[in-house]
Amino acid sequence: MSWTVYLSGEIHTDWREQIIAGAAKLQLPITFTSAVTDHDSSDAAGDHLGETPSNFWRDHQSAKVNAIRIKNLIEQADIAVIRFGDKYKQWNAAFDAGYCAALGTPYITLHSEDIIHPLKEVNAAAQAWAQTPEQVVEILRYTTSAE
Numbered sequence: 052m053s054w055t056v057y058l059s060g061e062i063h064t065d066w067r068e069q070i071i072a073g074a075a076k077l078q079l080p081i082t083f084t085s086a087v088t089d090h091d092s093s094d095a096a097g098d099h100l101g102e103t104p105s106n107f108w109r110d111h112q113s114a115k116v117n118a119i120r121i122k123n124l125i126e127q128a129d130i131a132v133i134r135f136g137d138k139y140k141q142w143n144a145a146f147d148a149g150y151c152a153a154l155g156t157p158y159i160t161l162h163s164e165d166i167i168h169p170l171k172e173v174n175a176a177a178q179a180w181a182q183t184p185e186q187v188v189e190i191l192r193y194t195t196s197a198e
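Counting from 52, one number per residue, gives the positions in the sequence shown under the numbering used here.
So this is what it looks like as structure tokens:
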């Protein structure tokens, strides 16, 4: 059986690459998907639709275009990994976690111990909380290949 894992959250570190490489090393039957992780491209996703009167409307327009990809990929995912970094507030990641919870899509949160409290509701709906990409890979190994 092949699994689809959606990788959501912060884009400023290589956590996605670590998980993908770890899964590849173990030859796990996983296809990984993600939102667009190039910040400038994501912010400009709706710019081709025309000028907007303010940054609010530019962000709104681009968010809707980005949502086409994100919504579909989350709906197709067997599981999601939601990464919260310590440098930026990832409201989009919290939204993705809520969407997963509403759909019944299992998800793993990935974040450091020092932000447990602000993520208590997000973690309460998660199937697991990991602190490292290696822990995520181990969960994926177990869930995709344990007999």
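Even glycine gets a Cβ: it sits at the ideal position worked out from N, Cα and C.
- Contact between the region 155-168 and the region 106-114 is absent: fewer than three C-beta pairs spanning the two stretches fall below 8 angstroms.
- In the DSSP assignment, I70 falls within the alpha helix (DSSP H) that extends over W66 to K76.
- Taking 8 angstroms as the cut-off, the beta carbon of A176 is found closer than this to the beta carbon of A148.
- Using a 10 angstroms sphere on the CB of G60, the tally of other CB atoms reaches 16 or more, which defines it as buried.
- When secondary structure is reduced to three states using DSSP, I133 falls in the strand class.
- Here D110 has D94 as same chain residues with Cβ atoms under 8 angstroms from its own Cβ, once five neighbours each way along the sequence are excluded.
- Secondary structure note for Y139: it is in no beta strand (DSSP E), with a DSSP letter that is neither H nor E.
- About 6 angstroms separates the beta carbons of R120 and A86, which is inside the 8 angstroms limit, making them a contact pair.
- Residue nearest to Q69 within the set R134, K171 and Q141 is R134 (criterion: CA-CA distance).
- For L58, the uninterrupted beta strand (DSSP E) segment begins and ends at W54 to G60.
- Looking from the CA of N123, the closest CA among F107, R67 and C151 belongs to C151.
- The Cβ-Cβ distance between L58 and R67 falls below 8 angstroms.
- Sequence-distant Cβ neighbours of G136 in its own chain, meaning closer than 8 angstroms and more than five residues away, are G60, E61, H63, T64 and H162.
- If only complete runs of 4 or more residues are kept, the region 87-170 shows the alpha helix (DSSP H) at 90-94, 106-127 and 142-154, in order along the chain.
- Residues P157, Y158 and I159 of the same chain have their beta carbon placed closer than 7 angstroms to that of Q178, with the five preceding and five following residues left out of the count.
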